[in-house]
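In this note's numbering, the protein residues as written are 10 to 409. Virtual Cβ for every residue (Gly too), placed ideally from N, Cα, C. Structure, as structure tokens:
Below, the structure is given as structure tokens:
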């Protein structure tokens with residue numbers, strides 16, 4: 010199972026060993042221990058054994074089943090090494106052990122033959138002292154000692170075990186806290202890694218060869234068809250987008266005005282790319298243009314990519330998008346109203362890189378988990394015989 014280190018060896022045998030010495034040596038023996046099982050075995054073998062007791066079993070709570078499980082022992086229940094002979098379990102409320110686990114109050118039984126709660130384990134014994142191990146007001150374990158003689162245990166024994174229990178509880182809490190911290194750090198690292206991956210995928214979606222190729226094709230088309238003004242305009246917008254992507258690749262946030270400019274550039278390029286298959290309007294209230302607002306980066310961009318690709322993939326006719334921003338001190342509200350005509354047709358166009366589009370929902374879920382952004386999305390739909398319409402509302406935090 011495990012080995013007790015040399016620094017945690019059995020205390021020297023001494024009939025004159027005082028309880029204060031036992032506590033000191035027990036406390037020192039716990040310094041380098043980082044597992045609950047080792048703590049409990051150290052308690053049984055290196056502490057209880059020095060108090061003149063002949064039998065002790067240490068229980069630990071199994072929260073999933075709400076039972077006390079024997080985890081360490083000294084005496085007949087521990088024939089060798091770190092083994093427990095025929096380990097038993099005690100449901101909460103069952104027997105003296107279960108009763109102490111339920112109430113959190115220690116019990117000193119001078120004659121177990123007169124206590125109906127007594128449950129025999131390996132053999133019958135007349136005396137029993139049972140104390141809880143308590144962390145933050147909750148019983149997480151039990152130290153249970155028995156002796157064949159009546160009236161063997163005294164109030165002094167009880168107080169000694171309560172002190173030992175407190176030391177044990179402090180150490181176990183430290184081990185659990187450290188374990189929880191390590192798990193949280195590992196989980197945070199994994200989530201951060203996923204977030205970076207999502208961000209890179211969002212960037213690669215815009216910078217993928219198809220996007221660049223189609224943009225260059227559009228520029229070439231404008232040049233060869235004599236539309237030099239359009240070619241220069243397209244090239245200018247394309248260059249701005251590239252610079253924007255590279256500038257913000259390592260940034261977690263972006264200025265709202267910069268994001269709106271980027272969105273305008275992106276939609277213009279997509280509109281040219283898909284030969285005016287949709288129209289859009291961007292509304293930003295004048296009094297809000299100068300409002301300082303910072304939002305998470307690569308959120309709005311990914312959302313609009315999905316909206317436009319969805320419209321093109323489903324061959325929407327006369328698609329119209331109305332985009333508006335409302336900024337306040339705490340939040341930025343993005344509203345997207347859309348409408349398109351209903352047609353009966355067989356879908357024949359599938360964008361080649363549609364499978365590479367980052368799932369917006371996954372990105373938002375990770376941002377909310379890691380950064381506690383609490384980004385929210387609401388959607389409404391309306392259908393009639395001639396058209397479909399709806400509204401998408403995104404609530405983003407203002408991180409300024």
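The shortest CA-to-CA distance from residue 141 to any of 121, 119, 173 is the one to 173.
The region 105 to 115 makes no contact with the region 33 to 50; the number of CB pairs closer than 8 Å stays below 3. One Cα belongs to residue 303, the other to residue 339, and the distance between them is close to 10 Å.
Minimum Cα-Cα distance from residue 94 among the listed residues 53, 84, 125 corresponds to 84.
Residue environment: residue 75 is assigned as exposed (fewer than 16 neighbouring CB atoms within 10 Å of its CB, all protein chains considered). Counting of Cβ neighbours within 10 angstroms places residue 134 among the buried residues, the total reaching 16 or more. According to DSSP, residue pairing for residue 396 in a beta bridge involves 350. Per DSSP, the beta-bridge partners of residue 336 are 341. Residue 68 is a Cβ neighbour of residue 150, given a cutoff of 9 Å.
Between residue 263 and residue 337, the alpha-carbon positions lie close to 16 Å from each other. Residue 185 is classed as exposed because its beta carbon has fewer than 16 other beta carbons within 10 Å across all chains shown.
With respect to residue 276, residue 307 sits apart: the two C-beta atoms are not nearer than 9 Å.
For residue 375, same chain residues with a beta-carbon under 8 Å away, outside a window of 5 residues either side, are 200, 203, 204, 207 in chain order. If you check the CB distance, residue 152 and residue 65 come in under 9 Å. Across the structure, residue 406 and residue 191 are spaced so that their CA atoms are roughly 29 Å apart. Three or more pairs of CB atoms, one per stretch, sit closer than 8 Å, so the region 339 to 351 contacts the region 390 to 409. When the Cα atoms are used, residue 223 and residue 270 turn out to be separated by approximately 21 Å. At the C-beta level, residue 259 and residue 309 stay beyond 9 Å of one another. C-alpha of residue 388 to C-alpha of residue 71: approximately 45 Å in a straight line. Contact fails between the region 115 to 124 and the region 39 to 50, because fewer than three Cβ pairs, one in each stretch, are under 8 Å apart.
Taken through DSSP and simplified to helix, strand or coil, residue 279 comes out as helix.
Residue 77 is bridged by DSSP to 70, 99. Positions of the beta strand (DSSP E) runs, each at least 3 residues long and wholly inside the region 208 to 263, cannot be given because no such run exists. DSSP places residue 287 in the uninterrupted beta strand (DSSP E) bounded by 287 to 293. For residue 384, there is no enclosing alpha helix (DSSP H), since its DSSP letter is neither H nor E. In terms of Cβ geometry, residue 160 and residue 136 form a close pair [threshold 9 Å]. Distances from the alpha-carbon of residue 60 to those of 30, 41, 40 put 30 closest.
In the three-state reduction of the DSSP assignment, residue 325 falls in the coil class, being assigned neither a helical nor a strand state. Under the three-state reduction of DSSP output, residue 180 falls in the helix class.
In the three-state scheme derived from DSSP, where H, G and I count as helix and E and B as strand, residue 402 is classed as strand. Sequence-distant partners of residue 139 (beyond 5 residues in either direction) whose C-beta falls short of 7 Å from its own C-beta, in its chain, are 105, 106, 109, 115, 116, 151, 153. Distance from the CA atom of residue 56 to the CA atom of residue 82, rounded to whole angstroms, is 11 Å. Out of 378, 119, 166, 280, the CA that lies nearest to the CA of residue 196 is found in 378.
Residue 130 is not a Cβ neighbour of residue 78, given a cutoff of 9 Å. An exposed status is given to residue 252, since fewer than 16 other beta-carbon atoms sit within 10 Å of its beta-carbon.
DSSP links residue 304 through a beta bridge to 263.
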